[in-house]
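Visitor: Numbering (my numbering), first residue to last: -15 to 123.
Each residue gets a CB set at the ideal place from its N, CA and C atoms; glycine is no exception.
Before we start, here is the structure in question, set down as structure tokens.
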């Protein structure tokens, strides 16, 4: 259950449960292709990458996408750092988002109203609080 050289305090919520997340990944920016087809699916690194990241840049010549696996810390720092540059629908907008369910950085779900956004944000907050609790338990 624990990897060699990894102590209990260094596991994350998913890897403590022995789970591995899958994400869409395109390392180079793709122009007008959101790389959400099966050939872009990768297995993220257990004990390191517990989130999927999506970067969307809107340019005058089209929309550019970059997707990857990420650690929760790196992804949340990146998304917070670019929050002021995120203006969907405007040229030169850069939006970085993080999520923690399999293939969650794929295509946007069909419109179901705004209620679908709140539970995901609440779930990420809950998982981060659980991670902190686990960290303090093992320290």
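1) List the residues that DSSP assigns as beta-bridge partners of residue 44.
2) Return the chain-ordered ranges of every beta strand (DSSP E) run that is complete within the stretch 9 to 56 and spans a minimum of 3 residues.
3) Let's test the definition: count the other Cβ atoms within 10 Å of the Cβ of residue 39 and tell me whether it reaches 16, buried, or not, exposed.
4) Go ahead and label residue 73 buried or exposed: buried means 16 or more other beta carbons lie within 10 angstroms of its beta carbon, across all protein chains shown.
5) In or out: residue 24 buried (at least 16 other Cβ within 10 Å) or exposed?
6) Tell me the DSSP secondary structure of residue 81 in three-state form.
7) Measure the CB-CB distance between residue 9 and residue 26 and report whether it falls below 7 Å.
Guide: Reading it off the structure:
1) To locate residue 44, count along the chain shown from 1; it is residue 60. In DSSP, residue 44 forms no bridge with anything.
2) Runs of the beta strand (DSSP E) inside the stretch 9 to 56: 10 to 15, 25 to 27, 35 to 43, 46 to 54.
3) For this step, residue 39 is matched to residue 55 along the chain shown. Only buried fits residue 39, as 16 or more other CB atoms lie within 10 angstroms of its CB.
4) Indexing the chain shown from 1 puts residue 73 at position 89. With fewer than 16 other Cβ atoms within 10 Å, it is exposed.
5) In the chain shown, residue 24 corresponds to position 40, counting from 1. Answer is buried; the Cβ neighbour count reaches 16.
6) Working through the chain shown from its first residue, we reach residue 81 at position 97. Under the three-state reduction of DSSP output, residue 81 falls in the strand class.
7) One-based indexing of the chain shown puts residue 9 at position 25. One-based indexing of the chain shown puts residue 26 at position 42. Contact: yes.
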